[in-house]
Amino acid sequence: MSVVRGVRALVSLAFVACVSWSGVTAAADAGRGVIASFEGGWINLTDGWGEATACTSDGFTAECYRTEAEMDAASHNALGSTAARSVGIVPLLACASSLKLYRSTSFTGAVLQLTSRGAYINLSTYGFDNDTSSYKVGACTSYFYDGASGGTPLYPGTTTANSSANSMLTGWDNRVSSVYIT
Numbered sequence: 008m009s010v011v012r013g014v015r016a017l018v019s020l021a022f023v024a025c026v027s028w029s030g031v032t033a034a035a036d037a038g039r040g041v042i043a044s045f046e047g048g049w050i051n052l053t054d055g056w057g058e059a060t061a062c063t064s065d066g067f068t069a070e071c072y073r074t075e076a077e078m079d080a081a082s083h084n085a086l087g088s089t090a091a092r093s094v095g096i097v098p099l100l101a102c103a104s105s106l107k108l109y110r111s112t113s114f115t116g117a118v119l120q121l122t123s124r125g126a127y128i129n130l131s132t133y134g135f136d137n138d139t140s141s142y143k144v145g146a147c148t149s150y151f152y153d154g155a156s157g158g159t160p161l162y163p164g165t166t167t168a169n170s171s172a173n174s175m176l177t178g179w180d181n182r183v184s185s186v187y188i189t
C-alpha cells in the first residue's frame, strides 16, 4: 500500500513539476533575473554573485555556493537522496548531467551549471551574459548562441554530449548570450 502511495506522490510531483517548469525561466524572462539561494539568503544573479563562485539551476530553482566543489557535493548528495532517483525516474525536463559554463579558460573562475532542457536559456538572467571562456557539456547536446533566445550566430565549436573545451574558439571568448540543451 505504501509503495502505491509513493508512486502516486511521484506522479503528482512530476505533474506539478511539468506544469510549473517555467518557474525560474518565467521570472527571468520577465526581466527580474534569477533569484538564487545562497547560504541561507537570496541573491538576484543579475545584480552580481557576491561571494558565490558556483551557481546551479534546474529550471525550477537556483542555488549558489562559494566553490564548485561545494556545488558538486550538494548535487551529488541530492541525486543520491531523492526517491525518484532511487527508483530510476529522471525528470524529462532536466538533463541527467549538467552543462557547465566557466568564466575563465581551463575550467576555472566562476561556474554556471544548467540542466534545463528544451528551452532557450538567456545567460543575462543569471548574470553570465558574454562571460563564457570554457565549458563542459553533460549528457545532453547543447547549443551556444551569440544572442538572446537563440539569436544567431550559432557557436561553431563542438558542443555534443560529453564534450568540453578549455577555451572558446577564436572570436568566441566571452561572447555566448544564450544556450539550448536538447
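In the numbering used here, the protein residues as written are 8 to 189. We treat Cβ as the ideally placed atom computed from N, Cα and C, and that holds for glycine. Computed from a predicted structure; not experimentally measured.
Query                                                                                                    : Result
Close Cβ partners of residue 160 (< 7 Å) along its chain, the five nearest in sequence each way excluded : 153
Whole-angstrom distance between residue 69 and residue 168, CA atom to CA atom                           : 23 Å
For residue 52, three-class secondary structure by DSSP                                                  : helix
C-alpha gap between residue 150 and residue 46, whole angstroms                                          : 31 Å
Endpoints, the beta strand (DSSP E) within which residue 139 is located                                  : Here residue 139 belongs to no beta strand (DSSP E), and DSSP marks it neither H nor E.
For residue 170, the three-state DSSP class (helix, strand or coil)                                      : coil
For residue 62, the first and last residue of its enclosing beta strand (DSSP E)                         : 61-64
Where residue 116 falls: helix, strand or coil (DSSP)                                                    : strand
Where residue 75 falls, given that 16 or more other Cβ within 10 Å makes a residue buried                : buried
For residue 176, the three-state DSSP class (helix, strand or coil)                                      : coil
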